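Remarks on the structure that follows.
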Amino acid sequence: MGIIQAFVASLLFFILFFGIAFILNMLLRATWLMAIIFPVIIIFIIDDVPITSYFTNPGEAFPAVWQDFINLQVVDTIILTAGFIGTIVSGLVIRTLRKKGYQMF
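At position 29 of the sequence shown the residue is numbered 59 (the numbering used here), and the sequence of numbers has no breaks.
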């Protein structure tokens, strides 16, 4: 992946997760909800294990997802980190807006 593609992908993940977190924060009034849910979403993105195996066979599913996480390339880690930063910035923006008197829904 080229540097321009990595930059665009990071920017898109930042904007995507900022937007999703901002909307969830407005609707649910839970400022840090998306930052808490983000690791679960990342597991769904990077794993090859069916969701049911986390409940039926956790002894194999969790080490497999951990191994997938360790095997991520640096570019993938940067892109996913940009998404996480988007969720954090969204929480800060919502908190600042609420302090200044803006009411969201």
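Don't be surprised by glycine CBs; every beta carbon is placed ideally from N, CA and C.
As the structure is a computational prediction, the values presented were derived from the model and not from experiment.
Could you check the C-alpha separation between residue i and residue j for me, to the nearest Å?
i	j	result
residue 68	residue 111	10 Å
residue 124	residue 52	7 Å
residue 41	residue 107	13 Å
Of the choices the options, whose alpha-carbon is the least far from that of residue i?
i	options	result
residue 77	71, 95 and 84	95
residue 64	117, 122 and 92	117
If I follow the unbroken alpha helix (DSSP H) through residue i, where does it start and stop?
i	result
residue 129	104–129
residue 89	88–100
> For the stretch 86–103 against the stretch 47–62, are there 3 or more C-beta pairs whose distance is under 8 Å?
Replying inline: no
>> For a minimum of 4 consecutive residues, which ranges assigned as the alpha helix (DSSP H) are wholly contained in the stretch 37–82?
In response: 63–76
> Does the stretch 82–96 come close enough to the stretch 32–48 that 3 or more CB-CB pairs lie under 8 Å?
Replying inline: With the cut-off at 8 Å, the stretch 32–48 and the stretch 82–96 do not touch.
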